[in-house]
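Numbering (the numbering used here), first residue to last: 363 to 423. Input: a single structure, listed below in C-alpha coordinates.
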Amino acid sequence: MEADGAYEPGFCRNCDYQQEADNSCIYVNKITHEVDELTQIIADVSQDPTLPRTEDHPCQK
(Lines of atoms letter the chains of each structure in order from A and count residues from 1; the text may use other names and numbers.)
(Lines give C-alpha, C1' and ligand atoms only; values in the text may rest on other atoms or scores of the structure.)
Protein backbone atom coordinates (compact mmCIF):
# COMPACT_ATOMS: atom_id res chain seq x y z
CA MET A 1 0.00 0.00 0.00
CA GLU A 2 1.27 3.43 -0.85
CA ALA A 3 1.61 6.32 1.57
CA ASP A 4 -1.30 8.25 0.00
CA GLY A 5 -3.69 5.35 0.68
CA ALA A 6 -4.15 4.22 -2.92
CA TYR A 7 -4.19 0.47 -3.36
CA GLU A 8 -2.08 -1.23 -6.02
CA PRO A 9 -3.89 -4.42 -7.07
CA GLY A 10 -1.66 -5.06 -10.07
CA PHE A 11 1.97 -4.63 -10.84
CA CYS A 12 4.50 -6.07 -13.26
CA ARG A 13 7.55 -7.90 -11.97
CA ASN A 14 9.47 -7.14 -15.17
CA CYS A 15 8.91 -3.37 -15.36
CA ASP A 16 7.73 -0.57 -13.07
CA TYR A 17 4.06 -0.72 -14.14
CA GLN A 18 1.59 -0.28 -11.27
CA GLN A 19 -2.18 0.06 -11.30
CA GLU A 20 -4.11 2.10 -8.71
CA ALA A 21 -7.68 1.34 -7.67
CA ASP A 22 -10.31 2.77 -5.34
CA ASN A 23 -11.47 -0.68 -4.22
CA SER A 24 -9.04 -3.12 -2.59
CA CYS A 25 -11.25 -6.16 -3.28
CA ILE A 26 -9.40 -8.65 -5.47
CA TYR A 27 -11.75 -11.65 -5.52
CA VAL A 28 -15.39 -12.27 -4.57
CA ASN A 29 -16.38 -15.82 -3.68
CA LYS A 30 -20.10 -16.23 -4.35
CA ILE A 31 -21.46 -19.46 -2.92
CA THR A 32 -24.74 -20.82 -4.22
CA HIS A 33 -26.63 -23.36 -2.15
CA GLU A 34 -28.67 -26.12 -3.70
CA VAL A 35 -32.11 -27.09 -2.44
CA ASP A 36 -30.87 -30.68 -2.03
CA GLU A 37 -28.45 -29.57 0.70
CA LEU A 38 -31.27 -29.45 3.24
CA THR A 39 -31.84 -33.18 2.84
CA GLN A 40 -28.23 -33.90 3.81
CA ILE A 41 -28.56 -32.48 7.34
CA ILE A 42 -28.06 -35.27 9.85
CA ALA A 43 -30.99 -35.60 12.25
CA ASP A 44 -28.74 -36.57 15.19
CA VAL A 45 -26.58 -33.45 14.99
CA SER A 46 -28.32 -31.95 18.05
CA GLN A 47 -27.22 -34.96 20.13
CA ASP A 48 -23.57 -34.96 18.96
CA PRO A 49 -21.39 -34.37 22.07
CA THR A 50 -18.37 -33.32 19.96
CA LEU A 51 -20.09 -30.16 18.69
CA PRO A 52 -19.89 -26.91 20.68
CA ARG A 53 -22.91 -25.75 22.67
CA THR A 54 -24.17 -22.31 23.58
CA GLU A 55 -26.89 -21.09 25.91
CA ASP A 56 -26.68 -17.48 24.72
CA HIS A 57 -29.66 -17.87 22.37
CA PRO A 58 -32.80 -19.55 23.74
CA CYS A 59 -34.62 -22.06 21.56
CA GLN A 60 -37.58 -20.62 19.64
CA LYS A 61 -39.71 -23.75 20.24
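Beta carbons: idealized from backbone N, C-alpha and C, even for Gly.
Can you confirm whether residue i, when its beta carbon is compared against all beta carbons of chain B, has any partner nearer than 8 Å?
i, result
"I388", "Protein chains in the displayed structure number just one, and chain B is not present."
In whole angstroms, what separates the C-alpha of residue i from that of residue j?
i, j, result
"N376", "N385", "24 Å"
"N391", "Q381", "23 Å"
"D418", "I388", "36 Å"
"H395", "I404", "17 Å"
What does a CB cutoff of less than 8 Å around residue i pick up in its chain, not counting 5 residues either side in sequence?
i, result
"V407", "L413"
Ends of the beta strand (DSSP E) at residue i?
i, result
"E382", "380 to 383"
Who are the near neighbours of residue i in its chain, counting only those whose CB is closer than 7 Å to its CB and skipping five residues on each side?
i, result
"I393", "none"
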